[in-house]
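J.: Before I ask anything, here is the structure I am working with.
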Amino acid sequence: MLTWDKSKVRVLVVDDHELTRFSLSLALRNQRDIELVGLASNGMEAIELVKQHHPDVIILDLQMPVMNGLSASTHIKAAYPDIQILAYSSLEDPQTEVMIQTANFDAFCTKDTATSDLIRMVRQLSQQVPGS
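To convert, take the position in the sequence shown, counting from 1, and add 45; that gives our numbering.
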């Protein structure tokens, strides 16, 4: 059986851009209260890593090959409704707001969000995870 440190927020980062994954992993690994449990480059990889690592929070890019963030969030929330999903996108299309309101996301931020604000959002979402 898997065991992990319940005092840390377990985070999965999902983005198809290697530099974004690397930057986020550096930022998250420098936080004492956050444990980075995995990096995925598309929605299919994200679903597999969720099954393996059961993160508390997922930072999920919306536009990716193989399976986009919208589809991945639907699959993840169906199986693990308590996982908090932070949609992370460079999109600023007015339709994005409508999509987000109907999607399986718990929060949204654009990729130009300051790193400190993103980390604060991850911590706030972790407060909504049952048992945390």
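Glycine is no exception: its CB is placed at the ideal position from the N, C-alpha and C atoms.
Taking contact to mean 3 or more Cβ pairs, one atom from each stretch, closer than 8 Å, check whether the stretch 72-81 and the stretch 106-121 are in contact.
T.: Contact between the stretch 72-81 and the stretch 106-121 is absent, because fewer than three Cβ pairs lie under 8 Å.
J.: Just the Cα atoms here: how many angstroms apart are residue 122 and residue 96?
T.: Looking at the two C-alpha atoms, the distance is approximately 12 Å.
J.: Mind listing, in chain order, the continuous alpha helix (DSSP H) runs of no fewer than 4 residues lying wholly within the stretch 51-95?
T.: Runs of the alpha helix (DSSP H) inside the stretch 51-95: 63-74.
J.: Straight-line CA distance for residue 150 to residue 64?
T.: So the two alpha carbons sit approximately 23 Å from each other.
J.: For residue 69, collect the residues of the same chain with a Cβ closer than 6 Å to its Cβ; drop the 5 residues on either side in sequence, then sort them by chain order.
T.: Counting only Cβ-Cβ distances below 6 Å, and skipping sequence neighbours, we find 58.
J.: Return the CA-CA distance between residue 163 and residue 60, expressed in angstroms with no decimal places.
T.: Straight-line Cα distance between these residues: approximately 15 Å.
J.: Applying the 10 Å Cβ sphere with the 16-neighbour rule, what's the burial state of residue 101?
T.: Its Cβ being crowded by 16 or more others within 10 Å, residue 101 is buried.
J.: Between residue 55 and residue 74, what straight-line distance do the alpha-carbon atoms span, to the nearest angstrom?
T.: Distance between the alpha carbons of residue 55 and residue 74 is about 11 Å.
J.: For the alpha helix (DSSP H) that residue 169 lies in, which residues bound it at each end?
T.: It spans 160-171 - the alpha helix (DSSP H) in which residue 169 sits, taken as one unbroken run.
J.: Could you give the distance in angstroms between the alpha-carbon of residue 128 and the alpha-carbon of residue 103?
T.: Cα to Cα, residue 128 sits roughly 7 Å from residue 103.
J.: Which partner residues of residue 153 appear in the DSSP bridge assignment?
T.: DSSP, once it has assigned bridges, lists 132 as partnering residue 153.
J.: Across which residues does DSSP place residue 121 in a beta bridge pair?
T.: Per DSSP, none; premise fails for residue 121.
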